[in-house]
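**Q** Numbered per mature numbering (1 follows the signal peptide of the UniProt record, and there is no 0), the sequence shown spans residues -28 to -1, 1 to 48. Just so you know, even glycine gets a beta-carbon here, dropped at the ideal spot from N, CA and C. Structure provided below as structure tokens; questions to follow.
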Amino acid sequence: MMFGRLTHYAFDAVLFSAFLAGVKRSTGLTPSVDSDKISDNKEVQKWINNYLGVGEWVMDQSVAVMGSSAWFERRR
């Protein structure tokens, strides 16, 4: 039961990070998360940067999969 809840929260966190990456790419708006202002702890700063990096990676992989799929087409 606890593992399922933890998995659900982890998935939600990755989904939110990917959402932030999508907003950044489509609008140019970036979250004003300056890890230096949040904490002086280098580990916390590293975790924040890695968290946002995971969203970028998920976004890249999603675009690559959708771009090679016949279910999606690019319109501009």
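Do we get a CB-CB distance below 7 Å when we pair residue 48 with the residues of chain B?
**A** Absent here is chain B; the protein component of the structure consists of one chain.
**Q** Buried or exposed for residue 25, going by 16 or more other Cβ atoms inside 10 Å?
**A** Residue 25 comes out exposed.
**Q** How big is the Cα-Cα spacing for residue 45 and residue -1?
**A** Going by the C-alpha atoms only, they are around 23 Å apart.
**Q** How far does the alpha helix (DSSP H) with residue 1 in it reach, from first residue to last?
**A** Counting along the chain, residue 1 falls outside any alpha helix (DSSP H), and DSSP gives it neither H nor E.
**Q** Restricting to Cα atoms, I'd like to know which of -9, -26, -22 is closest to residue 20.
**A** Of -9, -26, -22, the residue nearest in Cα terms is -9.
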